[in-house]
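Residue numbers (UniProt numbering): 1 to 116. Glycine residues also receive a C-beta, built at the ideal position from the N, C-alpha and C atoms.
Below, the structure is given as structure tokens:
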């Protein structure tokens, strides 16, 4: 599955005992957003070794869960405040690969090349 709309990283930490109902309440009550808008909402625990991704698809919620056996996610906003940070697909891939969201650029694009 790939995101079709916005991707929101919920800063701070979230209690990973929360399931779909609890996470959707955070989206609606704390973030004041619509959990049914097909955006992806990504939550992380205090130790930064577990994430959950919540999103609505047609007629029900999806809830992805990932637990790292070693290492930590490079999660922004280590405080208790929960806010939504918009990220793109590349940043999501970086995060899931253990990289920071602050990677400023990849390979420089090459223009005007010809095949010899």
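{"query": "Here's the rule I'm using: 16 or more other beta-carbon atoms within 10 Å means buried, otherwise exposed. How should residue 97 be labelled?", "result": "exposed"}
{"query": "With distances taken Cα to Cα, identify the nearest neighbour of residue 29 among 51, 58, 82, 56.", "result": "82"}
{"query": "Measure the alpha-carbon distance for residue 35 versus residue 44 and round it to whole angstroms.", "result": "17 angstroms"}
{"query": "May I have the straight-line CA-CA distance separating residue 101 from residue 38, to the nearest angstrom?", "result": "22 angstroms"}
{"query": "Mind checking residue 52: buried by the 16 CB within 10 Å criterion, or exposed?", "result": "buried"}
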